[in-house]
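Report on one structure; see the data block that follows.
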Amino acid sequence: MLQAIQSRINGRIVLVLFVLTNAVYLTMLTYSIPELMNGTDGLPIFDMSPSGYSYQQALAILSSLGEEGRKFYLSTQLVLDLFYPLLFGLCYSSLLLWLIKLIDLKGRAWHVLSVVPFLACVSDYAENVGIWLMLSRYPDLSEELVTISSALTVTKSTLTMVYFMGLLVVLILVAVHYYKVRMAEAVD
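Positions 0 to 187 (the numbering used here) are the ones given, in order, by the sequence shown.
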């Protein structure tokens, strides 16, 4: 299946997905996340806590956000985060598959790595459900809900980090490939 998808991917598709994905991400980074961070007394919001958060931290975040901040989280940040995970999965999986095709990179591990953005996507959606439940149920939060939501945040962050580390390796391989091609052309 990945090979069927890979055969249809080209630079234009990757570029369009990259622009769309990062437009949504930039909107979150420059608008909704700073707006929420203003209301949390410097505490990172749930989405921006890659190492997770404790029950006490979750209560502190939700309390400091206040009613208006919690509504903003639900109506703005989580709405933007409906689009971002899918765009992330499509964009970064496509990017990797395109790069693999570009230099004819062999090995099953590279194709497995191209699935990681979709695993991060699923984790992000599950995390968003947990955040929505915490925002909706506050102040009646169970420790189990916070623990599960935090674990999903850590899972999403870990998968994202693994992907970008793998992408960095592939980009280095692409650079080496093109360096070798140029050197071979220079010799001829």
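The C-beta atom is built at its ideal place from N, Cα and C for all residues, glycine as well.
Check: Reduced DSSP category for residue 154 - H, G, I as helix; E, B as strand; rest coil; Outcome: helix
Check: Residue 169 - DSSP class collapsed to helix/strand/coil; Outcome: helix
Check: Cβ-Cβ distance between residue 64 and residue 38 below 9 Å; Outcome: yes
Check: Span of the alpha helix (DSSP H), counted from its first residue to its last, around residue 78; Outcome: 77-101
Check: Under the three-state DSSP convention, the category residue 141 falls into; Outcome: coil
Check: For residue 153 and residue 88, believed in contact at Cβ under 8 Å, the rounded distance; Outcome: Wrong, their Cβ atoms sit about 18 Å apart, outside the cutoff.
Check: Whole-Å CB distance - residue 109 paired with residue 13, under 8 Å assumed; Outcome: 16 Å between Cβ atoms; not a contact.
Check: Pick from 71, 105, 148 and 92 that is closest to residue 16, judged by C-alpha positions; Outcome: 92
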